[in-house]
Amino acid sequence: MMIFKGRAISKFSGEGEALVSKQPISFFGGVDRNGIIRERNHDLYGMDITGRILIFPRGKGSTVGSYIIYQLKKNGHAPAGIINIETEPIIATGCIIAEIPLIDRLEVNPLEKIRTGDYVLMDGKNGLVMVRRKIE
Amino acid sequence: MYLTKEEEKMLSGEYGPALRKAMELLVGLGDVFGAEKMIAIESTQISGASYNNIGDAGMEFLEELAEIGAKAKVKSTINPCGMDLDKWREMGINEEYYEKQMRIIRAFKRMGIEISCTCTPYLVGNLPKKGSHIAWSESSAVVFANSVIGAKTNREGGPSALAAAIAGRTPYYGLHIDENRVPNIIVKLEFKPRTAFEFSLLGYTIGRIAPSGIPYFKNLGTSDVDRLKIMGAALAASGGIAMFYLNAKNLDKAEKISIDWRELNQTKENLSSDGDPDLFCIGCPHCSPQEIKELARAIKGRRVRRGCGFWIWTSRGVYEKCKEYVKIIEGAGCKVFKDTCMVVYPLQLSGYSHMACNSCKAVHYVPSTSGMKASILELNSILERGLE
């Protein structure tokens, strides 16, 4: 088990399988109501984010994205948590109003240290991320 | 982040779930931006009022917040919504859309927020005092508030402005702090802008060159409120500019740029589409009483050209004040819509295919919000081509 400390932005807790992207994500237009990534040419195109710990550099696009995150949560298709390299207000707002844990500025680069399929526990109160490596 | 005892109580839920939610968001964003504390605010302007923009997701969020008892603590107004609240049928809005837009309006009303539906709150009674802290989220109004009124606000998002309304506070960072309000670009003009159209082109050009700057216009040569209003909207549309100066000191570290007609012509070219416009629009930002009056003078006795639309956008407050002029304008076959605008209403429902407007902000957004073509034109050309 690896443990990393980061900055707690949305102070809730969650756990799930990691889904890692090297690209920024726009929830508005980029993710459909069922939690499927719909942005063309995105490295997660067609993937389902429901219940995953979604790890990506930062948010982008319209501020309406915050409301989309909230709606995903209400519909049962939200990620279980989000880890950014450096977050911004769209993702931060969405996670806080939807009560999804959000941690950024980990002491390591999460895109390198966490792989898709690893099991991740997020303690949003203390900004702790625990990672159990997927057995190949 | 330091919180007072009172703020701690709000955050812990002692005053109910609405204040807890509002404080969670404000504290979280305060953390993102490195705010040391909260500051009390005098007013808010809340964006994200159009069903066309925020959809079912935003509507449900606002309804839930109203349901758990959220109430605005300070004077709060909202942005244009997705239709004229009276003349929606004329705009091609269907019953389902109407009902959902009304659910959004009712949610705001329940929270004690004024149904102002305008991007120019400062023209209809939300006029904060000079030096006061506010939390505004309409980008053009943010520029106006910081630069013309002299109030202090960051560029808020819809939810953060709403949270600030509920909590009566906003995180203290960015443009709330005087040291961050120093001009860092000196703009020297090699020409004299005159019309609103030219001020808009200038704003759009500067926003593109210095998207996060605080420009000082050395020789702008005007303090006309309507011209500053349209320039501010453009500054915020092409970039992320939140304020400008007409008078400034402490310019030692500022970078100098000079702007001439060539740059403005380039901007004009970038904001032009092929073909002839068939929908002519004025009112981005919403028309002031003075602008409505001038339009009535120019339009009186003329007719809208066959096959074309001539739509003017303003606030409910200004519309009510200018009924006589509105009558003259509509007598010529033009439409005057209130509560909404070409950017937040689904303009493709107009039935036209190519909008012309004298505001760079409208021309910047309309192609992506409606799929229509858009071109920048000066007011005189709009009058010439739209009317006979």
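First to last, the protein sequences are chains X and Z. Residue numbers for the first sequence follow numbering that gives the first Met the number 0, beginning at 0 and rising by one. Residue numbers for the second sequence follow numbering that gives the first Met the number 0, beginning at 0 and rising by one. Positions of the beta carbon are idealized from the N, C-alpha and C atoms, including for glycine.
Excluding sequence positions up to five before and after lysine 59 of chain X, its CB lies within less than 6 Å of the CB of Pro23, Ser25, all in the same chain and listed in chain order.
Shown in chain order are the members of the stretch 49–70 of chain Z whose Cβ falls below 8 Å from a Cβ of chain X: Asn52, Ile53, Gly54, Asp55, Ala56, Gly57, Glu59, Phe60. Leaving aside the five residues that flank glutamate 106 of chain X on each side, the residues in its chain whose CB is nearer than 6 Å to its CB run, in chain order, Phe3, Lys4.
Alanine 69 of chain Z is a Cβ neighbour of isoleucine 165 of chain Z, given a cutoff of 8 Å. Membership of serine 374 of chain Z in the beta strand (DSSP E) is indicated by the continuous run 372–375. For the pair of segments examined, the stretch 67–83 of chain Z was found to touch the stretch 105–124 of chain Z: the number of CB pairs separated by less than 8 Å reaches three.
Taken through DSSP and simplified to helix, strand or coil, asparagine 33 of chain X comes out as coil. Boundaries for phenylalanine 11 of chain X: no alpha helix (DSSP H) harbours it, and the DSSP string shows neither H nor E there. When secondary structure is reduced to three states using DSSP, leucine 200 of chain Z falls in the helix class.
A contact between stretches requires three or more CB pairs, one per stretch, nearer than 8 Å, and the stretch 0–18 of chain Z fails this requirement with the stretch 135–149 of chain Z. Among the bridge pairs identified by DSSP, threonine 76 of chain Z is matched with Z:Gln44, Z:Glu113. Bounds of the beta strand (DSSP E) holding glutamate 254 of chain Z are 254–258.
With 16 or more other Cβ atoms from the protein chains shown falling within 10 Å of its own Cβ, proline 284 of chain Z counts as buried. For the options X:Leu127, X:Gly64, X:Gly126, the alpha carbon positioned closest to that of isoleucine 89 of chain X is the one of X:Gly64. Sequence-distant Cβ neighbours of leucine 348 of chain Z in its own chain, meaning closer than 8 Å and more than five residues away, are Met90, Gly91, Ile92.
Apart from the 5 residues on each side of it in sequence, proline 120 of chain Z sits with its Cβ closer than 7 Å to the Cβ of Gln44, Thr76, Ala140 in its chain, given in chain order. A direct Cα-Cα distance of roughly 20 Å separates leucine 376 of chain Z from glycine 350 of chain Z. DSSP places histidine 175 of chain Z in the helix class (H, G or I) of the three-state scheme.
Serine 12 of chain X has a beta carbon lying at 8 Å or more from every beta carbon in chain Z. Following the DSSP letters along the chain, one finds cysteine 283 of chain Z in no alpha helix (DSSP H) but inside the beta strand (DSSP E) bounded by residues 278–286. Within the stretch 16–27 of chain Z, the residues whose Cβ lies closer than 8 Å to any Cβ of chain X are, in chain order, Lys20, Glu23, Leu24, Gly27. Close CB contacts of glutamate 85 of chain X within its chain, under the 7 Å cut and outside five residues either way in sequence, are with Arg57, Asp103, Arg104 (chain order). In terms of beta-carbon proximity, serine 139 of chain Z stays away from the interface with chain X, with every pair separated by 8 Å or more. The C-alpha of arginine 37 of chain X is placed about 24 Å away from the C-alpha of glycine 13 of chain X. Going by DSSP, threonine 313 of chain Z is part of the beta strand (DSSP E) stretching over 308–313.
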